[in-house]
Amino acid sequence: MPNAHKICSACKHDAGEKHPHAKKCPKCGAAALVPAAELAAVRLSPEQAAQLQQVHSWVLDGHDEHHIREAILTEWPDADPPAILAAAVDRIAASSNFDEALILGFCLESTRHLYQKMLAIGDFSGALKAIQQLHKFASTSRPLAAEQE
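Per our numbering: the sequence shown = residues 1381 to 1529.
Dropping the structure here:
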């Protein structure tokens, strides 16, 4: 898995599993090797950020690691597939830290928005499902006013 690799935060070189105890990057000599899981904390150039976004999308689309590595090399021949994959996996793991109120609010607002869209196109069964979903949210969550008392 890409998380076992060490990445140089200076030159973004992947030291891989061959150098698990290395203190310096074997490519540039900088004392900047970090575990691949920490790569997201390393500043990315706009090009690297775009690559990370695309790889993140491929992971979410369900592509396997082998195909993603091939696609990275096809799209960006100079890129470092393990480093980009590790950053994408780390980004997904970081999304598990969320604010419950934010997620609930997003779900409520999205459901209301979809309800409006369904009414506009005449999808009344979909609109009814949205109402049922709102009711479910309301029955499983306490309103803020009740929590403040």
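Using N, Cα and C, we set each Cβ at its ideal position, and we do this for glycine too.
Legend entry - alpha helix (DSSP H) segment containing Asp-1470, residue limits: 1461-1474
Inset, instruction - Tell me whether His-1493 sits in a helix, a strand or coil according to DSSP, three-state version. - result: His-1493: helix per DSSP, three-state reduction.
Inset, instruction - Confirm, please, whether the CB-CB distance from Leu-1432 to Ile-1472 is below 8 angstroms. - result: Contact: no.
Legend entry - Tyr-1495 versus Ser-1519: straight-line alpha-carbon distance, rounded: 18 angstroms
Inset, instruction - Flag this pair as touching only if the stretch 1510-1517 and the stretch 1481-1496 have three or more C-beta atom pairs under 8 angstroms; answer yes or no. - result: Touching, per the Cβ criterion.
Legend entry - CA-to-CA distance, Leu-1508 to Glu-1455, given in whole angstroms: 44 angstroms
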